[in-house]
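Residue numbers (the numbering used here): 1261 to 1363. Below: one structure, written as structure tokens.
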């Protein structure tokens, strides 16, 4: 374990492990930025194309990444904060935000 993060699936763990690699074989043809995984390049390319394929069915807001849509829906429309800090009880919308808070 390099960074201590936990993942719900083996596939996500393997994908994340590549972010610690020095090998960055996926290169943006627009700006030259490189990535360890192909999906990161695909998401980055949307910065240049302004593509926002994910949309909120409640308010119509559009997003370039599915994770941004999910965060938006939880925060703006449900007000749910399912990831609770075991020290203070504060809720967060993602495990990453909770982790940053604790550290």
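Built from N, CA and C at the ideal position, the CB exists for glycine as well. Note that the structure is a prediction, hence the values are computed from the model and not measured.
Inter-residue spacing [alpha-carbon to alpha-carbon] between residue i and residue j
i, j, result
"residue 1280", "residue 1327", "21 Å"
"residue 1273", "residue 1266", "8 Å"
"residue 1308", "residue 1291", "9 Å"
"residue 1303", "residue 1323", "11 Å"
"residue 1285", "residue 1348", "42 Å"
"residue 1376", "residue 1276", "Nothing can be reported for residue 1376, as the shown portion of the chain is limited to 1261 through 1363."
"residue 1269", "residue 1310", "30 Å"
"residue 1358", "residue 1264", "14 Å"
"residue 1342", "residue 1335", "11 Å"
DSSP-derived helix/strand/coil call for residue i
i, result
"residue 1351", "strand"
Cutoff 7 Å; reference residue i; Cβ partners in own chain excluding five residues on either side
i, result
"residue 1305", "1288"
"residue 1293", "1304"
"residue 1295", "1284, 1286, 1301, 1304"
"residue 1418", "Here the chain covers residues 1261 to 1363 and nothing more, so residue 1418 does not appear."
"residue 1329", "1314, 1316, 1323"
Cutoff 6 Å; reference residue i; Cβ partners in own chain excluding five residues on either side
i, result
"residue 1344", "1351"
"residue 1315", "1322"
"residue 1312", "1322, 1323, 1324"
Residue i: CB within 6 Å of a non-hydrogen atom of the ligand MN
i, result
"residue 1263", "The ligand MN is absent from the structure shown, which contains no ligand whatsoever."
Other residues of its chain near residue i: CB distance less than 8 Å, five sequence neighbours each side excluded
i, result
"residue 1331", "1353, 1354"
Below-7 Å beta-carbon distance, residue i vs any chain B residue
i, result
"residue 1318", "As a matter of chain content, chain B is missing from the structure shown, which is built from one protein chain."
Whole alpha helix (DSSP H) elements within the region 1264-1329, 4-residue minimum: Listed in chain order, they are 1270-1277, 1298-1309.
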